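The next block holds one structure in the form of structure tokens; read it before the comments.
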Amino acid sequence: FGEQREVAGDRVEDRPHLVLAVGRARRGDGGGRRGRFRGGLAGNDRAARFASFVRGPREVLAYAGQVLRGLAPRYLGHNPLGGWSVIVMIAVLLAMPLLGLFAVDTDGVESGPLSWLVSFKLGRRAAHWHEDVFSILQVLVALHVAAILYYAFWKKQEMVAPMLTGYRRLSRDAAAGIR
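All residue numbers for the sequence shown refer to this note's numbering, where the first residue is -17 and numbers rise by one.
This is how it looks when you write it as structure tokens:
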């Protein structure tokens, strides 16, 4: 956030910065997503801790089978597949800017700020990986939106507000069947 940008920038790269700024301002404590990430590592909310929703391969496969048979239980936080989707999304969101730091374009004019630390060949490789990671990110976002629509329309569960706030309202009946 150190550089000055227009609020409604024309470049795609400006939009994530705007989203993060709005998220930080909305929370009021300056934490934004970073605060949610810290909470995942060491927060007080059991459902938000990474250790509580990232499950082993056996449980993930069992859950996937339950989903296919229409017998999947409800979870207060992330289900076993959703937990791993969070980890993959975080990894991709970390990889993209890190690769961009070392990326070199073909003429060297718009290279990453740390591109001078690597060879031209490695910088070009980082640029290609940076583009590949962006393609992966687009697929992950599409899957994320598809999952939200699935939960909203087929399972009749609100997902957007809990993702933004970290809280979910439940009736007593709904709470009874949740893990």
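No residue lacks a Cβ here, since even glycine has one placed at the ideal position from N, Cα and C. These numbers were taken from a predicted model, which means no experiment stands behind them.
Distances from the alpha-carbon of Arg56 to those of Ile69, Ala44, Leu146 and Lys137 put Lys137 closest. Around the beta carbon of Ser97, 16 or more other beta carbons lie within 10 angstroms, which makes this residue buried.
For Thr88, there is no enclosing alpha helix (DSSP H), as DSSP gives it neither H nor E. If you draw a 10 Å sphere on the C-beta of Leu81, you find 16 or more other C-beta atoms in it, and that means buried.
Between the region 121 to 141 and the region 90 to 108 there are fewer than three C-beta pairs closer than 8 Å, too few to call the two in contact. Taking 8 Å as the cut-off, the Cβ atoms of Ala46 and Phe84 do not count as close. With a cutoff of 8 Å on beta-carbon distance, Ile130 and Val142 are scored as near each other.
Non-local beta-carbon contacts of Gly94 in its own chain, meaning distances under 7 Å to residues more than five positions away in sequence, involve Gly82, Leu83, Phe84 and Ala85 in chain order.
With fewer than 16 neighbouring CB atoms inside 10 Å of its own CB, Pro39 falls in the exposed class. Residue environment: Pro79 is assigned as exposed (fewer than 16 neighbouring CB atoms within 10 Å of its CB, all protein chains considered). Rounded to whole angstroms, the Cβ separation of Val36 and Ile69 is 6 Å, and the two are in contact under 8 Å. Annotation: Ser67 to Trp111 spans about 20 Å, alpha carbon to alpha carbon.
Here Pro62 is not near Glu92, since their CB atoms are 8 Å or more apart.
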